[in-house]
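Residue numbers (numbering that gives the first Met the number 0): 0 to 256.
Just so you know, even glycine gets a beta-carbon here, dropped at the ideal spot from N, CA and C.
Right, one structure below, let's go through it.
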Amino acid sequence: MTTPTSPPPPTSPAPTASPVHLHAAENRDQAETSLRRHGVTPIEVLARTGVLDTDVLIAHGTGILDRDLPVLGAASGRVSVATAPRGYLKFAWPTTTPVRALHDLGIPVGLATDGAASNNSLDVWESMALTALVQKSTTGDPRWMTSRQALHHATLQSARAIGLGDTLGTLAPGRRADIVLVDLTGPHTQPVHDLAATLVHSARSSDVRTTIVDGRVLMRDRELLTIDVPGVVRELGARLPALLDRGHGRRIQEYDT
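Structure below.
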């Protein structure tokens, strides 16, 4: 086992400020409860309180209603949404993030995994494939979203969603050198007749061989260079009993949704 190394610090310019991150219209039940109690949707609350006048990243948004779309479209701030479809499937939510409607408004939608409680794998590659499949099923249109559109959401759209569209998401001069090298020689990726389709629907996260972030090699040939994996696993094993212990606390809020 090699000793983890510490790559040199990045030399590229500091990123711009990240948007405010919050959960709103997380699911349809939340939106309907807000309407029933207050006569407004969670998105309309954000508009009334001025949140949509800032740069904001809305998590999930599966409860965004048709009446919310003009509100989001008229927002003066830079609004974006993050979608994590695996959790919605796991919890059997009846709706998903309306990616197509948001796309038509010019609102960037980035890929997310959510937390381990709702997404055991935390696999962003899986999120990319599931987003494409779920969107096809939800819209009833197999032509949406295409493999190239899915790759666009995984790269440039995701960069725009977190306010870094000018520095991340594409390989170009002046951009940060964020690169993954993917091995497509496995039998599950053969034959490669459409590279985008192969990457989205055939390849897996385990096919990523090398990862470079801002010019720093974090993983080379499947070997993590900045994390002592056995050490982390040992530490987790020691901390796990305390993490699972519920005897010391209680709920501070009950929801009827």
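Here the alpha carbon of His22 sits roughly 23 angstroms from the alpha carbon of Ala128.
Leu110 is a Cβ neighbour of His152, given a cutoff of 8 angstroms. The straight-line gap separating the alpha-carbon atoms of Ala202 and Val179 is approximately 13 angstroms. Sequence-distant Cβ neighbours of His20 in its own chain, meaning closer than 6 angstroms and more than five residues away, are Leu56. Per the DSSP secondary-structure output, Arg85 pairs with nothing in a beta bridge. Note: His20 is bridge-paired with Leu56 in the DSSP secondary-structure output. For the set Pro229, Val207, Gly230 and Val228, the Cα lying nearest the Cα of Arg219 is the one of Val207. With a 10 Å radius around the Cβ and a threshold of 16 neighbouring Cβ atoms, Arg66 comes out exposed. With a cutoff of 8 angstroms on beta-carbon distance, Ser126 and Ala196 are scored as not near each other. Thr138 places its beta carbon 8 angstroms or farther from that of Thr96. Ranked by Cα distance from Thr53, the first of Ile42, Val70, Thr40 and Ser75 is Ser75. With the rule of 3 Cβ pairs closer than 8 angstroms, the segment 85-94 does not count as touching the segment 160-178.
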